[in-house]
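Report on one structure; see the data block that follows.
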Amino acid sequence: MKSVLTLITGPIAVLAASIPRDVPSGLFSAGAWRAPQGNDVFFVGNSINASGGKFYINKNTSTYCPEGVSGLDCSLYAGTGTTFAISNGTTTMSLAVTVPGGQQVYVAPDGSLSYTQAHSAYVPEGSLVTGFSREQSVAFGAPIYLYSSGQNWYLCPVSEGEPRERTYQIFAFSPTPPEGCLGTQIRTYGPDEGNVWQYA
């Protein structure tokens, strides 16, 4: 991110370089972006999806809408992707949901990118709840990256199989990740289609 070489060869650089960038606003989706390196395991925007309070690639988003609630039409909340928001003027991040109280995104003490359950603001002690930002690169195509201040993004495998087909969980570590995890960048894109009541 600090240079074209960093974009191509290294894990995400977390602290911003002193080059001008626009600060995007609005809802967005996210994907893992990892160029081929020594092990040739690469990803080109694989969608980052919310499931079970954590975030993954190569795993479907998990959503929920309570059927049978008076005045609630769940057919209006058929979205299947994962959409995020960073509040204007803040460094807090949340999921784009309709459920009252929302769902906050945070980095848990074990480094896992996580989100609160619906109707609960509980966040484990020692979690990082601020420091999220989006910044636009001067690289070709002007990609927009997601940062967590002081942390590097990693993909840690949670299933077996071919390296590019495994399910990977998203973590943020500084400075050293567990063995077997892959450094990655996270690019952001336009919001996924469809509304979501809550992520499960």
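Each residue of the sequence shown is one higher than the last, beginning at 4 in this note's numbering.
Where is the CB? At the ideal position from N, CA and C, for every residue including glycine.
Remember, predicted model here, so these are calculated numbers, not experimental data.
For Trp36, the uninterrupted beta strand (DSSP E) segment begins and ends at 32-37. Here His122 has Val102, Pro103, Gly104 as same chain residues with Cβ atoms under 8 Å from its own Cβ, once five neighbours each way along the sequence are excluded. By the Cβ-count criterion, Val108 is buried, with 16 or more other Cβ atoms from all chains shown falling within 10 Å of its own Cβ. Taken atom to atom, the span from the alpha-carbon of Gly84 to that of Asn155 is near 24 Å. Per DSSP, the continuous beta strand (DSSP E) segment holding Val108 begins and ends at 106-110. In its chain, beyond the 5 residues on either side, Pro127, Glu128, Gly129, Ser130 have a beta carbon closer than 8 Å to the beta carbon of Pro112. In this structure, DSSP gives Leu79 a helical state, which the three-state scheme calls helix. Contact between Tyr157 and Pro180 holds: their C-beta atoms lie close to 4 Å from each other, under 8 Å. Ile51 carries a coil assignment under DSSP once its states are collapsed to helix, strand and coil. Taking Ala203 as the centre and dropping the five residues before and after it, the same chain places the C-beta of Ser65, Thr66, Tyr67 closer than 7 Å to its C-beta, in chain order. Taking all protein chains shown into account, Thr191 has 16 or more neighbouring C-beta atoms within 10 Å of its C-beta and is therefore buried. A Cβ-Cβ contact shorter than 9 Å links Arg137 with Ile89. Taking a C-beta distance under 9 Å as the contact criterion, Tyr125 and Thr133 do not qualify as a contact pair. A straight-line Cα-Cα distance of about 33 Å links Gly183 and Gly82. Closest in C-alpha terms to Tyr59, from the list Ser162, Val199, Thr94, Gln201, comes Ser162. Taking 9 Å as the cut-off, the Cβ atoms of Tyr80 and Gly153 do not count as close.
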